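Right, one structure below, let's go through it.
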Amino acid sequence: MQSDNLKVVDSAMCIFENTHFAGHLKRHSDTAFPLFVPLVVDLAVTHWFLVIRTNFAGLATLIRDLDPGKFEAAQDPINHSLVSSAAREQKRHRLDVQWE
């Protein structure tokens, strides 16, 4: 990661690995998960930059490990359609075409 912006994003995402922050996130999961989960899952699938997409996939795993049941419940109904690889590929293709 060379860009200053990418370094900032990477540093900001590291807060989720902090055990103190993770404890607060788990303690307030009823409020926090609906805010974070749909966005994180969407970016893990659709972000145009592979490194960031991979980071968001890892972040989704970290959040899921805190409380798998609440993680699944917090996902947007729209994001449930992204579970299939075919749907992910179609959405990725549409975004790639948009940016060409």
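Using this note's numbering, read the sequence shown as starting at 19 and increasing by one per residue.
A virtual CB, placed ideally from N, CA and C, is assigned to each residue, including glycine.
Here the structure is a predicted model, which is why all the values come from computation and not from measurement.
Does the region 57 to 74 touch the region 38 to 48, meaning 3 or more C-beta pairs lie closer than 8 Å? no
A50 to Q116 span [Cα, whole Å]: The residue you call residue 50 lines up with position 32 of the sequence shown. The residue you call residue 116 lines up with position 98 of the sequence shown. Their Cα atoms are separated by approximately 32 Å.
If you follow the alpha helix (DSSP H) that D85 is part of, which residue opens it and which one closes it? Counting from 1 along the sequence shown, the entry for residue 85 is found at position 67. Per DSSP, D85 belongs to no alpha helix (DSSP H) and is neither H nor E.
Residue nearest to V27 in terms of C-alpha spacing, selected from F39, F74 and L53: On the sequence shown, position 9 is the one that residue 27 refers to. Taking only the C-alpha atoms, the option nearest V27 is F74.
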